[in-house]
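Chain order of the listed sequences is S and A. So for the first sequence, our numbering puts the first residue at 1; every next one is plus one. So for the second sequence, our numbering puts the first residue at 244; every next one is plus one. Presented below is the structure to which this report refers.
Number of protein chains: 2
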Amino acid sequence: MAVAYAVGVGPGDPELVTRKAERILRAADLIVAPVSRAGEPSVALETVRSFLDDRRQQILQLPFPMTPDRDQLVDAWRTAAGVIADNVASGRDVAFITIGDPLFYSTFIYLLGILRSEWPGVPVEIVPGITSFCASAAAGSVPLVEADECFAVIPATAGIERIIEALSRFDTVVLLKVRPLFGDILEMLRQTGRTGTTLFAERVGSERQLILTDFEQIAAHTPDYLSLMVVRRSPAPGASFHS
Amino acid sequence: MAVAYAVGVGPGDPELVTRKAERILRAADLIVAPVSRAGEPSVALETVRSFLDDRRQQILQLPFPMTPDRDQLVDAWRTAAGVIADNVASGRDVAFITIGDPLFYSTFIYLLGILRSEWPGVPVEIVPGITSFCASAAAGSVPLVEADECFAVIPATAGIERIIEALSRFDTVVLLKVRPLFGDILEMLRQTGRTGTTLFAERVGSERQLILTDFEQIAAHTPDYLSLMVVRRSPAPGASFHS
């Protein structure tokens, strides 16, 4: 029977794709890639483009608008889930690709919910991917956590209070999507003495990757939408920070 | 110039190794694998064994004892760092392999500290790996976090108070190394109403992988050393829990 695969392709570097993801993508009949708007490039698709063969495989880019309008979002998810289910029902293996990991802050989670409730007969297999925080830590040589240390991930959209609380109680905190609160976050990192233990990363794994560990350089930068920060309580022995 | 690579090989499934890790491992002159005791099998080495060629590559298993004796641990780390640095200085590319990701609860963090302080001239490149929690969530089809949700990872060795606090404040909490506190954790999951939203995983990616989402089955199981749990505040639309 055909399968709906959700394939995490990692942060955007074709080499940080797993062997399993590559195998499934080379064999799939249909590859579905989310784009924020029709005509926009899909980072996930660019990451795996070299594995695909247009003559043999169908590649479908579906718009997943970045909008707070819940109805519009649900429409997009339902459309995508329907395309996936219909194709699997016709005997075609479908691979829905996502940047990072399909179950860690990914749109695929909504599709999974719709598939499970409305097409419970469609077999779904999920292929994990390298998360952006692991790729960023590796690119910057900054240890995340060791031994008994505790680790938190907070999307900046959860609010500055959640960030302050997490920093006070966790050894290492990853802040995602920092752009909207960037000024507040910088101020709070100064107040809590984290200027020497913060890594900033954006577009990690791509040709335009930027990794900063010097706080003044971080503060002078204008982050893009998918930027993240790794904030440690203390400098790690192996980390190369400049404050 | 030769390079010291730290290569995350993921949870233990050869297919969940990245293309980059495979390329580096096939080309390295020396592969260093940690084992808990001389003669014990190395899970990391078994994971990548099929990429290696004994005739062309040297494979060295170094003991990293599981002991609370800090002096003994530091000795093991210093020995490994010395072997890596000496080989790189002789022009050999060295790959130190770790299960999961090299900077996320990995012994490599200690080696990195020693290499940076004592052999600062040795180039180190870190290859991220699939974390056990991403692989476990994928194997169990359980979403981790979405949108503004907050995520925490707590090693059970941090203590039950830290676990209780994290569960009260985070949408999803991953508990690592649950064996020593397993009874206490089960009791606390019952008290906080998480019996319908907990996934248990061990040896994920291996042939002996066990994934449980039925709480009574979880409670009846005797976990092994590297078991983990994913505890959600609420059932996800796409998750298949049985309580």
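Even glycine gets a Cβ: it sits at the ideal position worked out from N, Cα and C.
Fill in: N- and C-terminal bounds of the alpha helix (DSSP H) containing residue 191(S)
Here residue 191(S) refers to the residue found at position 191 when the first sequence is read from its first residue. Run containing residue 191(S): 182 to 191, per the alpha helix (DSSP H) assignment.
Fill in: Counterpart residues of residue 225(S) in DSSP-defined beta bridges
Counting from one through the first sequence, the residue named residue 225(S) turns up at place 225. Paired residue(s): none; residue 225(S) is not in a bridge.
Worksheet item: Nearest-angstrom Cα distance between residue 264(A) and residue 303(A)?
Response: On the second sequence, position 21 is the one that residue 264(A) refers to. On the second sequence, position 60 is the one that residue 303(A) refers to. In a straight line, the C-alpha of residue 264(A) is about 18 Å away from that of residue 303(A).
Item to complete: Taking only runs that begin and end inside the segment 245 to 271 of chain A, name each unbroken beta strand (DSSP E) of 3 or more residues, in chain order.
Response: 247 to 251
Item to complete: May I have the straight-line CA-CA distance separating residue 180(S) from residue 301(A), to the nearest angstrom?
Response: As a working mapping, residue 180(S) is identified with position 180 in the first sequence. As a working mapping, residue 301(A) is identified with position 58 in the second sequence. Taking the straight line joining both Cα atoms gives about 50 Å.
Discussion item. Can you tell me whether residue 360(A) is buried or exposed? The criterion is at least 16 other CB atoms within 10 Å of its CB, across all chains shown.
Written reply: As a first step, residue 360(A) is located in the second sequence; it is residue number 117 there, counting from the start. Looking at its Cβ environment, which holds fewer than 16 other Cβ atoms inside 10 Å, residue 360(A) is exposed.
Fill in: Among 311(A), 314(A) and 365(A), nearest to residue 334(A) - alpha-carbon criterion
By one-based count along the second sequence, residue 334(A) stands at place 91. Per the Cα distances, 365(A).
Discussion item. To the nearest angstrom, how far is the alpha carbon of residue 443(A) from that of residue 4(S)?
Written reply: Taking the second sequence and counting its residues from 1, one reaches residue 443(A) at position 200. Taking the first sequence and counting its residues from 1, one reaches residue 4(S) at position 4. One C-alpha to the other measures close to 24 Å.
Worksheet item: Any C-beta of chain B sitting closer than 8 Å to the C-beta of residue 341(A)?
Response: The displayed structure is made up of protein chains S and A, and chain B is not among them.
Worksheet item: When Cβ atoms are compared, which residues of the segment 352 to 368 of chain A fall closer than 9 Å to chain S?
Response: 352, 353, 354, 355, 356, 357, 358, 359, 360, 367 and 368
Worksheet entry | Where the segment 282 to 301 of chain A meets chain S: residues whose CB sits under 8 Å from a CB there | none
Worksheet entry | Within 8 Å, strictly: CB atoms of residue 418(A) and residue 428(A) | Against the second sequence, residue 418(A) aligns to sequence position 175. Against the second sequence, residue 428(A) aligns to sequence position 185. In contact: residue 418(A) and residue 428(A) (Cβ atoms closer than 8 Å).
Fill in: Short CB-CB distance (under 8 Å) between residue 277(A) and chain S
Here residue 277(A) refers to the residue found at position 34 of the second sequence. Not an interface residue.
Discussion item. Is it buried or exposed, residue 146(S), if we count other Cβ atoms within 10 angstroms and call 16 or more buried?
Written reply: Reading the first sequence from its first residue, position 146 is the one you call residue 146(S). It counts as buried.
Worksheet item: Which residues of chain A have a Cβ atom closer than 8 Å to the Cβ of residue 153(S), listed in chain order?
Response: On the first sequence, residue 153(S) is found 153 positions in, with the first residue counted as 1. Simply 388, 393, 394 and 395.
Discussion item. Helix, strand or coil for residue 196(S)? Go by DSSP, reduced to three states.
Written reply: Sequence index remark: in the first sequence, residue 196(S) carries index 196 (1-based). Here residue 196(S) sits in coil by DSSP.
Practice prompt. Determine the extent of the alpha helix (DSSP H) in which residue 43(S) is found, giving its start and end residues.
Written response: Counting from one through the first sequence, the residue named residue 43(S) turns up at place 43. Residue 43(S) -> alpha helix (DSSP H) spans 43 to 48.
Item to complete: Identify the continuous alpha helix (DSSP H) that holds residue 236(S) and give its terminal residues.
Response: Stepping through the first sequence from its first residue, residue 236(S) is reached at position 236. No alpha helix (DSSP H) contains residue 236(S), which DSSP labels as neither H nor E.
Fill in: Chain-order list of residues whose beta-carbon lies under 6 Å from that of residue 81(S) (same chain, five-residue window excluded)
One-based indexing of the first sequence puts residue 81(S) at position 81. Around residue 81(S): 111, 114 and 115.
Discussion item. By the three-class DSSP mapping on this structure, what secondary structure does residue 368(A) have?
Written reply: Within the second sequence, numbered from 1, the residue matching residue 368(A) stands at position 125. Reduced to three states, the DSSP call for residue 368(A) is strand.
Worksheet entry | Which residues DSSP lists as bridging residue 447(A), in chain order | Looking up residue 447(A) in the second sequence gives position 204. Residue 447(A) pairs with nothing; no bridge assigned.
Discussion item. Quick check on the burial criterion: 16 or more other C-beta atoms within 10 angstroms. Buried or exposed for residue 336(A)?
Written reply: As a position in the second sequence, residue 336(A) is number 93, starting the count at 1. It is buried - the Cβ of residue 336(A) has at least 16 other Cβ atoms within 10 Å.
Worksheet item: In angstroms, rounded to a whole number, what distance separates the CA positions of residue 225(S) and residue 283(A)?
Response: For the purposes of this step, residue 225(S) is taken as the residue at position 225 of the first sequence. For the purposes of this step, residue 283(A) is taken as the residue at position 40 of the second sequence. Cα-Cα distance, rounded: 46 Å.
Fill in: Contact residues within the segment 250 to 277 of chain A, judged by C-beta distance below 8 Å to chain S
251, 253, 256, 257, 258, 259, 260, 261, 262, 263, 265 and 266
Worksheet item: Which runs of the beta strand (DSSP E) fall wholly inside the segment 30 to 101 of chain S and span at least 3 residues, in chain order?
Response: 30 to 35, 58 to 63 and 94 to 98
Practice prompt. Below 8 Å on the Cβ atoms is my guess for residue 416(A) versus residue 474(A); work out the distance and round it to an integer in Å.
Written response: Sequence index remark: in the second sequence, residue 416(A) carries index 173 (1-based). Sequence index remark: in the second sequence, residue 474(A) carries index 231 (1-based). Sure, about 5 Å apart at Cβ, within 8 Å.
Worksheet item: Any Cβ of chain S within less than 8 Å of the Cβ of residue 314(A)?
Response: What you label residue 314(A) is simply residue 71 of the second sequence in a count that begins at 1. Output row for residue 314(A): interface = no.
Item to complete: Out of 134(S), 119(S), 88(S) and 223(S), state which residue places its alpha-carbon closest to the alpha-carbon of residue 12(S).
Response: As a first step, residue 12(S) must be located in the first sequence, where it is residue number 12. Checked all of 134(S), 119(S), 88(S) and 223(S); the closest Cα to residue 12(S) is 134(S).
Fill in: Residue range of the alpha helix (DSSP H) that includes residue 170(S)
Numbered from its first residue, the first sequence carries residue 170(S) at position 170. Residue 170(S) -> no alpha helix (DSSP H), and no H or E assigned at all.
Worksheet item: Between the segment 73 to 87 of chain S and chain A, which residues of the former have CB atoms less than 7 Å from a CB of the latter, in chain order?
Response: none
Item to complete: Verify whether the separation of the beta carbon atoms of residue 171(S) and residue 233(S) is less than 8 Å.
Response: Walking along the first sequence from the start, residue 171(S) turns up at place 171. Walking along the first sequence from the start, residue 233(S) turns up at place 233. A contact, by the Cβ cut-off of 8 Å.
Worksheet item: Taking only beta-carbon atoms, is residue 175(S) less than 8 Å away from chain A?
Response: Numbered from its first residue, the first sequence carries residue 175(S) at position 175. Not one chain A Cβ lies under 8 Å of residue 175(S).
Discussion item. Helix, strand or coil, according to DSSP, for residue 176(S) in the structure here?
Written reply: Counted from its first residue, the first sequence places residue 176(S) at position 176. Looking at residue 176(S) - three-state DSSP - the assignment turns out to be strand.
Item to complete: Step through the CB atoms of chain A and report whether any lies within less than 8 Å of the CB of residue 127(S).
Response: Taking the first sequence and counting its residues from 1, the one referred to as residue 127(S) is at position 127. So yes, residue 127(S) belongs to the interface.
Discussion item. Does residue 166(S) come out as helix, strand or coil in the three-state DSSP assignment?
Written reply: Numbered from 1 along the first sequence, position 166 holds the residue referred to as residue 166(S). Three-state DSSP puts residue 166(S) in a helix.
Item to complete: Check residue 462(A) in the structure and name its three-state DSSP category.
Response: Numbered from 1 along the second sequence, position 219 holds the residue referred to as residue 462(A). Helix, per DSSP.
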